[in-house]
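Shown next, in structure tokens, is the structure this report addresses.
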Amino acid sequence: MRFLFLFLIPVFTLHGSPDPGLTELEKKTVESGNIAVRLERDESSTTGKFLIVGYVNAPVDDIWTLITTKARHSELYPEVKKHEITDINGNVEEHYYVFDYPWPFDDRWLVTHLIKDKSKYQITWVRKDGTIKESKGSWSFISVGPKKTLIVYRVQIDPGISVLPDWFIRWGTGYAAPKVILRIREVLKAN
102 MRFLFLFLIP VFTLHGSPDP GLTELEKKTV ESGNIAVRLE RDESSTTGKF
152 LIVGYVNAPV DDIWTLITTK ARHSELYPEV KKHEITDING NVEEHYYVFD
202 YPWPFDDRWL VTHLIKDKSK YQITWVRKDG TIKESKGSWS FISVGPKKTL
252 IVYRVQIDPG ISVLPDWFIR WGTGYAAPKV ILRIREVLKA N
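For the sequence shown, this note's numbering begins at 102 and goes up steadily by one.
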């Protein structure tokens with residue numbers, strides 16, 4: 102997989118918008134138009150907590166529609182080989198994913214319990230089953246103007262790989278994690 106780090110939650114203030122508890126350097130990164138990525142990792146385990154924050158120059162409703170439209174997921178998540186919504190009950194859904202992990206790792210699969218709350222522009226999920234040992238997180242989409250949205254993506258993940266090599270962690274943090282927001286920007290710009 103090109104690693105999929107999915108979903109988010111907000112907290113404080115970047116120029117009047119909720120701030121997910123960013124450091125001063127991270128705030129400057131986001132304000133300059135870049136994407137802030139933070140990884141908190143316990144060296145004794147393979148679980149990582151990611152915080153990914155950035156602005157997208159689009160109305161919050163456009164972003165919500167893009168993220169919640171299954172037919173658009175292949176544009177946003179090319180590392181997902183298979184995605185099925187296996188159950189829907191109102192705003193609660195069950196999703197099945199197969200992720201294309203990079204060599205030398207085998208693909209991983211995951212079933213999530215996902216809740217969409219459009220009134221808060223928030224999506225949360227938690228792992229139900231899968232070869233990915235842990236996955237929980239959230240997306241939050243915060244309107245900061247008619248055509249500007251702050252995206253906050255949080256995920257806690259244990260990919261189910263007994264030893265995570267440093268190159269894999271660097272790749273996930275430096276390359277794959279920012280793609281979560283970069284792809285949203287790219288897809289919306291192309292339309």
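For glycine and all other residues, C-beta sits at the position ideal for the given N, C-alpha and C.
Can residue i and residue j be called in contact, C-beta distance under 7 Å?
{"i": "Val154", "j": "Thr250", "result": "no"}
{"i": "His196", "j": "Ile189", "result": "no"}
{"i": "Gln223", "j": "Ser241", "result": "yes"}
{"i": "Val212", "j": "Gly191", "result": "no"}
{"i": "Asp208", "j": "Asp201", "result": "yes"}
At the level of alpha carbons, what is the spacing between residue i and residue j?
{"i": "Pro260", "j": "Thr148", "result": "8 Å"}
{"i": "Arg228", "j": "Val131", "result": "29 Å"}
{"i": "Leu289", "j": "Lys248", "result": "12 Å"}
{"i": "Tyr198", "j": "His214", "result": "12 Å"}
{"i": "Arg255", "j": "Lys129", "result": "19 Å"}
{"i": "Ala277", "j": "Ile216", "result": "24 Å"}
{"i": "Asp218", "j": "Glu144", "result": "34 Å"}
{"i": "Arg139", "j": "Thr124", "result": "10 Å"}
Quick one: using the 10 Å Cβ neighbour count with 16 as the cut-off for buried, is residue i buried or exposed?
{"i": "Gly238", "result": "buried"}
{"i": "Ile233", "result": "buried"}
{"i": "Asn292", "result": "exposed"}
{"i": "Trp226", "result": "buried"}
{"i": "Arg127", "result": "In the sequence under discussion, the amino acid at residue 127 is Glu, which differs from the Arg named in the question. Buried, because 16 or more other Cβ atoms sit within 10 Å of the Cβ of Glu127."}
{"i": "Val193", "result": "exposed"}
{"i": "Ser263", "result": "exposed"}
{"i": "Ser220", "result": "exposed"}
{"i": "Lys171", "result": "exposed"}
{"i": "Lys183", "result": "exposed"}
{"i": "Ser133", "result": "exposed"}
{"i": "Pro121", "result": "buried"}
Looking only at C-alpha atoms, which of the options sits nearest to residue i?
{"i": "Arg286", "options": "Val138, Thr124 and Ile164", "result": "Ile164"}
{"i": "Val161", "options": "Val253, Gln257, Ala277 and Ser263", "result": "Val253"}
{"i": "Val181", "options": "Thr166, Ile168, Trp210 and Pro205", "result": "Trp210"}
{"i": "Glu235", "options": "Lys150, Pro121, Trp204 and Glu141", "result": "Lys150"}
The stretch 276–286 touching the stretch 159–179, judged by at least three CB pairs closer than 8 Å: yes
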